[in-house]
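According to the working numbering, the sequence shown holds residues 80 to 375 in order.
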Amino acid sequence: MEYQELANVPLEEADVVIQRVAFGESVSGGEGTELAPDAILEISEQIEYYDEDMEWSPMKYMSVCVSDSVSEYDKIKSHTESLVRPKNQLLISLGGDHSITPKITEALLKRPTTILFLDAHADLRESYMGNEFSHATPSHHLLKAGHKMIMVGIRSLFETEAVRVKTDANIDYFSDRALRKESVKEKLFETIRALDGDVYLSIDMDVFNPAIVPGVGTPQPGGIDYYFATDILEALFLDSKAKIKGVDMVELVPEASTVSQTFAANLLQKIISYWGKSQGFDKRKATGSQTKVAYE
Ligand SMILES: [Mn+2]
80 MEYQELANVP
90 LEEADVVIQR
100 VAFGESVSGG
110 EGTELAPDAI
120 LEISEQIEYY
130 DEDMEWSPMK
140 YMSVCVSDSV
150 SEYDKIKSHT
160 ESLVRPKNQL
170 LISLGGDHSI
180 TPKITEALLK
190 RPTTILFLDA
200 HADLRESYMG
210 NEFSHATPSH
220 HLLKAGHKMI
230 MVGIRSLFET
240 EAVRVKTDAN
250 IDYFSDRALR
260 KESVKEKLFE
270 TIRALDGDVY
280 LSIDMDVFNP
290 AIVPGVGTPQ
300 PGGIDYYFAT
310 DILEALFLDS
320 KAKIKGVDMV
330 ELVPEASTVS
340 QTFAANLLQK
350 IISYWGKSQG
360 FDKRKATGSQ
370 TKVAYE
C-alpha cells in the first residue's frame with residue numbers, strides 16, 4: 080500500500096512512517112475497523128498534495144514509507160518497535176480499534192508521557208466483556224503505565240468512569256458538552272499550547288460528529304468537527320514545545336459513501352503537513368516523494 084500513490088522509500092530514509100494495524104476484533108458496535116488502514120490509504124490518492132492551510136506541498140519535501148500490515152494483537156508491540164529508526168521520524172499508526180494504542184505506546188514511550196486523547200468515550204474500563212485489552216480499556220492501561228492524559232470530546236461514560244475523570248489527578252478532562260463554551264475551549268487550547276516534552280496523540284474517529292464521520296464502530300451524537308480538530312493539531316504541532324512521539328487514528332469503519340475514510344485521509348494529511356512544517360522541512364531541498372511523480 081502507498082500513501083497518496085507515492086512510492087515508498089526505505090524506512091531509513093522516511094520522514095513519515097505509516098503503520099497499518101489491521102486489528103479490529105474488540106469493537107462492540109460495528110465491524111470493519113481492520114479494513115480502515117487500507118481504505119484510508121486507498122482514498123488518500125484522491126487528495127491534493129497541496130495543503131491549503133500551511134500553504135505548501137508537504138510531500139515535495141518529505142518522504143513516506145507505508146509499513147506492511149500487522150493483524151495479530153500480540154505482534155503490534157514488536158511490529159511498532161521494528162519500525163523505529165534513530166532519526167527524526169513521525170510514526171502514524173492507522174487502526175484498527177482503540178485497543179491497539181497501549182501496545183503501540185508500550186513500544187514507543189519509554190517514560191511517562193502526556194497522551195492527548197480525542198474520543199467520545201473515556202475508555203477507562205479495566206476490562207470489557209471479559210477482555211482486558213478491549214477497545215473500552217486503553218485509557219486504563221495508559222494511566223497504569225504512568226502517563227498523564229488530556230481527554231477531549233468525551234460524551235459517553237460508565238458511572239465509575241465519570242467519577243474517575245473528575246478525581247484522577249492524571250486526567251485533564253474536557254467533555255464534549257463543556258467544549259461548547261468558549262471559555263472551556265480556550266482553556267483546552269491554552270493547555271495544549273503549554274505542552275512541553277513528549278506527547279503522544281491518539282485520535283478515536285468517534286470523537287467527531289457522526290453526521291460528519293458516520294463510519295465508526297460506536298457512534299455517539301454530539302462531537303467535534305473537522306476544523307476543531309485541525310485547530311487542535313495547529314496548537315499542538317505549531318504553537319507548543321511538545322515533542323510528538325507518535326500518532327494513531329483508530330476506530331474508523333470504511334463505508335460505501337467513502338465520506339468517513341476521505342475525512343480520515345484528509346486529517347492524516349494535515350497531521351503530516353503540520354508536523355513537517357514544525358520541523359522546518361519546508362526550508363530544506365525539495366527532494367521528497369512527490370518530486371518523483373510524473374504529472375500528465
Ligand atoms: Mn476509544
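Note that CB positions come from ideal geometry on N, CA and C, so glycine has one too.
Between 351, 364, 242 and 146, which lies nearest to residue 80 when the distance is taken from Cα to Cα? Among 351, 364, 242 and 146, the Cα nearest to that of residue 80 belongs to 146.
Cβ of residue 177 versus every heavy atom of ligand 1: is any distance shorter than 6 angstroms? Within the cutoff, so yes.
So, is residue 362 buried or exposed, given that buried needs 16 or more other C-beta atoms within 10 angstroms? exposed
Going by the CB atoms, is the gap between residue 350 and residue 326 shorter than 7 angstroms? yes
Whole-Å CB distance - residue 286 paired with residue 232, under 8 angstroms assumed: 4 angstroms
For residue 355, report the span of its alpha helix (DSSP H) as first-last. 338-357
Rounded separation between residue 269 and residue 290 - CA only: 28 angstroms
Go to residue 332, then tell me how far its beta strand (DSSP E) extends in each direction, as first and last residue. For residue 332, there is no enclosing beta strand (DSSP E), since its DSSP letter is neither H nor E.
Between which two residues does the beta strand (DSSP E) carrying residue 305 extend? Per DSSP, residue 305 belongs to no beta strand (DSSP E); it is in the alpha helix (DSSP H), 305-317.
Looking at the secondary structure, which residues open and close the alpha helix (DSSP H) in which residue 138 lies? 137-140
Alpha carbon to alpha carbon, how far is residue 252 from residue 384? Give it in angstroms, no decimals. With the chain represented from 80 up to 375, any question about residue 384 goes unanswered, as that position is not in the structure.
Give me whichever residues DSSP pairs with residue 235 in a beta bridge. 200
C-alpha distance - residue 138 paired with residue 202, whole-angstrom precision: Distance between the alpha carbons of residue 138 and residue 202: 34 angstroms.
Helix, strand or coil: which one does DSSP assign to residue 284? Reduced to three states, the DSSP call for residue 284 is helix.
Please work out which residues of its chain come closer than 7 angstroms, Cβ to Cβ, to residue 92, disregarding the five sequence neighbours upstream and downstream, and give them in chain order. Scanning its chain for C-beta atoms nearer than 7 angstroms, with the 5 sequence neighbours on each side dropped, one finds around residue 92 the residues 142, in chain order.
Check for me: the alpha helix (DSSP H) holding residue 161 runs from which residue to which? 155-162
Are the beta-carbon atoms of residue 274 and residue 218 separated by less than 7 angstroms? no
Determine the contact status of residue 199 and residue 340, defining contact as a CB-CB distance below 7 angstroms. no
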